[in-house]
Amino acid sequence: MLTLENLSCPIDATPLRREQRSLKCEQGHSFDLAKTGYVNLLPVQNKRSKDPGDSKEMVASRQSFLNQNHYFPIVQAVLDSWPKSHFLKGMRVLDAGCGEGYYLDEISQALSNQNIQMERCGLDISKWAIAAASKRDKTVSWIVGSNASLPVPDERFDLVLCLFGFPVFTEFSRVLSDNGLMLLVESGPEHLIELREILYPSIHEYKQTFSDGVSGFDLVLEQAETFTFSLDSQEKIQNLLSMTPHIHKASYEGREAVQQLESIILTADIKLRWYQKQAKEMNHV
Ligand SMILES: C[S@@+](CC[C@H](N)C(=O)[O-])C[C@H]1O[C@@H](n2cnc3c(N)ncnc32)[C@H](O)[C@@H]1O
Ligand SMILES: [Zn+2]
Numbered sequence: 001m002l003t004l005e006n007l008s009c010p011i012d013a014t015p016l017r018r019e020q021r022s023l024k025c026e027q028g029h030s031f032d033l034a035k036t037g038y039v040n041l042l043p044v045q046n047k048r049s050k051d052p053g054d055s056k057e058m059v060a061s062r063q064s065f066l067n068q069n070h071y072f073p074i075v076q077a078v079l080d081s082w083p084k085s086h087f088l089k090g091m092r093v094l095d096a097g098c099g100e101g102y103y104l105d106e107i108s109q110a111l112s113n114q115n116i117q118m119e120r121c122g123l124d125i126s127k128w129a130i131a132a133a134s135k136r137d138k139t140v141s142w143i144v145g146s147n148a149s150l151p152v153p154d155e156r157f158d159l160v161l162c163l164f165g166f167p168v169f170t171e172f173s174r175v176l177s178d179n180g181l182m183l184l185v186e187s188g189p190e191h192l193i194e195l196r197e198i199l200y201p202s203i204h205e206y207k208q209t210f211s212d213g214v215s216g217f218d219l220v221l222e223q224a225e226t227f228t229f230s231l232d233s234q235e236k237i238q239n240l241l242s243m244t245p246h247i248h249k250a251s252y253e254g255r256e257a258v259q260q261l262e263s264i265i266l267t268a269d270i271k272l273r274w275y276q277k278q279a280k281e282m283n284h285v
């Protein structure tokens, strides 16, 4: 399968063409492919910091945690809840904020076992995440870029995945084909509650995200998935902690208390929401 096809220049949105080890636009902007085959399409002017997104250390911790498959039930829940009318061969999928590519890889492997192949693109603003992802699977187009300005033409994909990420709905809608699907996966009210009870003196009330709906999309299906898993070392607990926002939010005392743990049994509480892009006429009402 050819990769890095049908992308746009992040500076002027003109089409990018492959020329050996780089992608070039008609205005002469050129983007070299990294050794492992990914491309960085995040122009300096679009960067808010020198090293945006998850750091090298965060990426390594998350990769180590996810590779132990504690979160495989999330992959299974995505597959089980997938709107069956959209189980199409050759579907073009974007994982927006893909991290190290764990979910995209696991989902596509499971579908491929059912003889369903997809054209896959994984994008993340962290070059560390994409560098790790590009070592995982060479048949995916891996891109360093931002959800805020996706370097792809309109209607380029049939499905956008956004797991624990930063959705930008106007961009997701732009790059989706008519009636295309979007999956949002987020944490629910009880997610990692045992850890939060140690980290914080009191637990904040849970606030539902996008409770007024998402403009330009219809909610097709909403599902909660709850399961427990156990971590049997301080290292594994720290790996998990560093992939959550709590690593920055919790107090020193809270983090100290977690450092004393040798093991913990945790609840995962996940919310999956599938949306469908509204047809064009409705978008303009
Ligand atoms: C909590 S992680 C989730 C990663 C992956 N989806 C997963 O579930 O393992 C959030 C990811 O979003 C990325 N990110 C942050 N801002 C972004 C943006 N504007 N565009 C694309 N990715 C972004 C981070 O670098 C990080 O890899
Ligand atoms: Zn250009």
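Under UniProt numbering, think of the first position of the sequence shown as 1, with each following residue one higher.
Think of the CB as a built atom: it goes at the ideal place given N, C-alpha and C, for glycine as much as any other residue.
**Report entry** Close Cβ partners of Ser230 (< 6 Å) along its chain, the five nearest in sequence each way excluded
**Finding:** Ile265
Report task. With a threshold of 6 Å, establish whether the CB of Asp32 neighbours any heavy atom of ligand 2. Result -> no
**Report entry** Arg62 (DSSP reduced to helix, strand or coil)
**Finding:** helix
Report task. Could you tell me the boundaries of the beta strand (DSSP E) in which Gln223 lies? Result -> Phe217 to Leu231
Report task. Using only the heavy atoms of ligand 2, determine whether one of them is closer than 6 Å to the beta carbon of Ile11. Result -> yes
Query raised in the report: By a C-beta neighbour count over all protein chains shown, 10 Å radius and 16 as the cutoff for buried, is Asn239 buried or exposed?
Result: buried
Query raised in the report: Should Ser126 be listed as close to ligand 1, given that the test is whether its C-beta is under 6 Å from any heavy atom?
Result: yes
Requested in this report: Report whether the distance from the Cβ of Gln63 to the nearest heavy atom of ligand 2 is below 6 Å.
Outcome: no
Query - Same chain, Cβ closer than 7 Å to Pro83, neighbours up to 5 away in sequence not counted - result: Leu181, Val220, Leu221 and Trp274
Query - Heavy atom of ligand 1 within 6 Å of Phe227 beta-carbon - result: no
**Report entry** Identified DSSP bridge partners for Phe157
**Finding:** Leu176
Requested in this report: Have a look at Arg17, Ser30 and Gly37 and flag the residue whose alpha-carbon is nearest the alpha-carbon of Ala131.
Outcome: Gly37
Query raised in the report: Measuring from the CB of Leu163, is there a heavy atom of ligand 1 at a distance below 6 Å?
Result: yes
Report task. Return helix, strand or coil for Phe164, following the three-state DSSP convention. Result -> coil
Report task. Would you list the residues sitting across from Glu19 in a DSSP beta bridge? Result -> Ser22
Requested in this report: Could you tell me if Lys271 is buried or exposed, where buried requires 16 or more neighbouring beta carbons within 10 angstroms of its beta carbon?
Outcome: buried
**Report entry** Stretch pair the region 110-118 + the region 178-194: three plus CB contacts closer than 8 Å
**Finding:** no
Report task. Kindly indicate which residue of Ser134, Val78 and Arg156 has the alpha-carbon position closest to the one of Glu100. Result -> Ser134
Query raised in the report: Excluding the five sequence neighbours on either side, which residues of its own chain have a C-beta within less than 6 Å of the C-beta of Pro167, listed in chain order?
Result: none
Query raised in the report: What is the rounded straight-line gap between the Cα of Leu192 and the Cα of Thr14?
Result: 44 Å
Report task. Pull up the distance between the alpha-carbon of Lys47 and that of Ser149, whole angstroms please. Result -> 11 Å
Requested in this report: Quick one: using the 10 Å Cβ neighbour count with 16 as the cut-off for buried, is Asn67 buried or exposed?
Outcome: exposed
Report task. Have a look at Leu33 and Asn40 and give me their C-alpha separation to the nearest angstrom. Result -> 7 Å
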